[in-house]
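> Residue 270 is where the sequence shown ends in the numbering used here, and the numbering goes up by one at each step.
Quick one: structure below, then a few questions.
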Amino acid sequence: MIGHLSTMRCMYTIDLTDKVAVVFGVANHRSIAWSITSILRKAGANVALVYQNERLKRSIDKLITDWEDPVLVECDVSEDSNVKRAFDEISIRLGKIDIVVHSIAFANREDLGGRFVDTSREGFNLALEISSYSLLPVTKYAAMHMSPEGGNILTMSFQAAEKVFPGYNVMSTAKAALESEVRQLAHDMGPLNIRVNAISAGPVDTLSSRVIAGYSAMKKAAAERSPLGRNITIEEIAQTALYLCSDLSSGVTGEVVHVDSGYHVMGI
Ligand code: NAD
């Protein structure tokens, strides 16, 4: 149990004991998904990890040596049947699912630099299929295994969904689509009491961010020009994820929460 805040008259806690969380997108210890996994486990959740391929499983195995009876499931989200199979398998092992974290993105390296106008049709489709479309089957198949009380789905975005960040290119389009999906899925899932939200995070050093041309400039600008005058930490993303995955945010859905030192409010 963490996040304990008490006053004379009231007490709020974040206790995810008995909750089952499914986290997509751990590649290594730097992954945002790993930071979220750590905080969800500290809050008491039982976390199943969904990895892309055997190579990444070997990396994850090194991170979870102290886990008891880990549930690890392979799933490349480019096939809907893989997503269905992953949720079926996790549900057989752990029962009802309460929380799903979708922390996945991919684009060809050549589409993360140069001129956006030069993006190939194939590269465009690939980036949007993996980074945006995949939230639909993840939500659909997760919902089938969520309890009648509902659940939480969280995805990861970036401010390039709203403004131009040179070099982010096709991934900006993918994030704009993703944020639109969050709103539409929130509407679809609302009657099931399943909430769907996104975090729009400031730049943090990960395997994926390092391949973006212009990443260093983005990080420097955020540190120099954001209201807080610094870059965010990966733990700050995880803390907001914990809030969005808990009952403390029970009235919040279809929302994109910026965790970016306030950079998005600036005009210059
Ligand atoms: P990361 O490289 O650690 O994670 C990306 C994950 O996507 C990897 O685990 C990879 O296996 C997974 N993935 C890619 N293609 C897949 C596929 N076909 N099937 C299944 N999984 C697949 O990098 P990260 O920075 O932690 O990225 C996580 C999310 O956060 C992404 O959506 C990214 O756009 C977003 N984000 C990152 C930053 C940043 O600065 N790092 C900022 C804002 C948003």
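Cβ atoms here follow ideal geometry from the backbone N, Cα and C, with glycine treated the same way.
Bear in mind that the values here come from a model prediction, so they are computed numbers and not experimental data.
Quick one: what's got a C-beta closer than 6 Å to residue 5's C-beta in the same chain, skipping five residues either side?
Counting from 1 along the sequence shown, the entry for residue 5 is found at position 3. Note that residue 5 scores 49 on pLDDT, short of 50, meaning its location in the model is unreliable; the coordinates nonetheless yield the value given after this. Same-chain partners within the cutoff: 16.
> What does DSSP give as the partner residues of residue 153 in its beta bridges?
By 1-based counting over the sequence shown, the position of residue 153 is 151. Bridge partners of residue 153: 196.
> Classify residue 226 as buried or exposed, calling it buried when 16 or more other Cβ atoms lie within 10 Å of its own Cβ.
Within the sequence shown, residue 226 is the residue found at index 224, counting from 1. With fewer than 16 Cβ atoms within 10 Å of its Cβ, residue 226 is classed as exposed.
> Kindly indicate the opening and closing residues of the beta strand (DSSP E) around residue 48.
Working through the sequence shown from its first residue, we reach residue 48 at position 46. First-last of the beta strand (DSSP E) with residue 48: 48 to 53.
> What residue does the alpha helix (DSSP H) around residue 106 start on, and which one ends it?
As a working note, residue 106 is residue 104 in the sequence shown. From DSSP, residue 106 is part of no alpha helix (DSSP H); its letter is neither H nor E.
> By DSSP, does residue 179 sit in helix, in strand, or in coil?
Here the question's residue 179 lines up with position 177 in the sequence shown. Helix.
> Where does residue 148 sit, in a helix, a strand or coil, going by DSSP?
Here residue 148 refers to the residue found at position 146 when the sequence shown is read from its first residue. Residue 148: strand per DSSP, three-state reduction.
> With contact counted as at least three CB pairs below 8 Å, one residue from each stretch, are the region 87 to 97 and the region 58 to 66 in contact?
Flag = no, the region 87 to 97 and the region 58 to 66 do not touch.
> Got a sec: is the Cβ-Cβ distance from residue 90 to anything in chain B below 8 Å?
Here chain B cannot be found, since the structure has a single protein chain.
> With a threshold of 7 Å (Cβ to nearest heavy atom), would residue 1 be considered close to the ligand NAD?
The requested residue 1 is not part of the displayed model; the chain covers only 3 to 270.
> Looking at residue 144 and residue 24, is the spacing between their C-beta atoms short of 8 Å?
The residue you call residue 24 lines up with position 22 of the sequence shown. The residue you call residue 144 lines up with position 142 of the sequence shown. Contact flag set, yes.
> Tell me the rounded alpha-carbon separation between residue 73 and residue 50.
Taking the sequence shown and counting its residues from 1, one reaches residue 73 at position 71. Taking the sequence shown and counting its residues from 1, one reaches residue 50 at position 48. Going by the C-alpha atoms only, they are around 5 Å apart.
> Rounded to the nearest angstrom, how far is the Cβ of residue 162 from that of residue 173, given a contact under 8 Å?
Taking the sequence shown and counting its residues from 1, the one referred to as residue 162 is at position 160. Taking the sequence shown and counting its residues from 1, the one referred to as residue 173 is at position 171. Contact flag correct, Cβ pair sits at about 7 Å.
> From residue 232 to residue 104, what does the alpha carbon distance come to, in whole angstroms?
Mapped onto the sequence shown, residue 232 falls at position 230. Mapped onto the sequence shown, residue 104 falls at position 102. Whole-angstrom Cα-Cα distance: 26 Å.
> Can you tell me where the beta strand (DSSP E) holding residue 1 begins and where it ends?
An answer regarding residue 1 cannot be provided, because it is not within the stretch 3 to 270 covered by the chain.
> Of the residues 191, 208, 135, 196, which one's Cα is nearest the Cα of residue 178?
Position 176 of the sequence shown holds residue 178. For the residues 191, 208, 135, 196, the minimum Cα distance to residue 178 belongs to 135.
> Hey, would you say residue 80 sits closer than 8 Å to residue 132, going by beta carbons?
Residue mapping note: residue 80 aligns to position 78 of the sequence shown, counting from 1. Residue mapping note: residue 132 aligns to position 130 of the sequence shown, counting from 1. Yes. Within cutoff.
> Leaving aside the five residues before and after residue 214 along the sequence, list all residues of the same chain whose C-beta is less than 7 Å from its C-beta, in chain order.
The count along the sequence shown starts at 1 and reaches residue 214 at position 212. Contacts found: 114, 169, 170.
> Please state whether the Cβ-Cβ distance between residue 236 and residue 34 is less than 8 Å.
To locate residue 236, count along the sequence shown from 1; it is residue 234. To locate residue 34, count along the sequence shown from 1; it is residue 32. Closer than 8 Å, so yes.
> Are there three or more Cβ pairs, one per stretch, closer than 8 Å when the region 206 to 213 is compared with the region 182 to 198?
Verdict: no, contact absent.
> If you check the beta carbons only, do residue 224 and residue 262 fall under 8 Å apart?
Mapped onto the sequence shown, residue 224 falls at position 222. Mapped onto the sequence shown, residue 262 falls at position 260. Contact: yes.
> Kindly list the residues whose CB is nearer than 6 Å to the CB of residue 153, restricted to its own chain and excluding five residues on each side of it in sequence; keep chain order.
What you label residue 153 is simply residue 151 of the sequence shown in a count that begins at 1. The residues are 100, 196.
> Is any heavy atom of the ligand NAD found at a distance shorter than 7 Å from the C-beta of residue 34?
To locate residue 34, count along the sequence shown from 1; it is residue 32. At least one heavy atom of the ligand NAD is nearer than 7 Å to the Cβ of residue 34, so yes.
> Any heavy atom of the ligand NAD within a distance shorter than 7 Å of the CB on residue 108?
Stepping through the sequence shown from its first residue, residue 108 is reached at position 106. Yes, since a heavy atom of the ligand NAD falls inside the 7 Å radius drawn around the Cβ of residue 108.
> Any heavy atom of the ligand NAD within a distance shorter than 7 Å of the CB on residue 61?
Locating residue 61 in the sequence shown gives position 59, counting from the first residue. No.
> Taking the C-alpha atoms as reference points, what is the distance between residue 57 and residue 28?
Here residue 57 is taken as the residue at index 55 of the sequence shown, counted from 1. Here residue 28 is taken as the residue at index 26 of the sequence shown, counted from 1. Using only the alpha carbons, I get a separation of about 12 Å.
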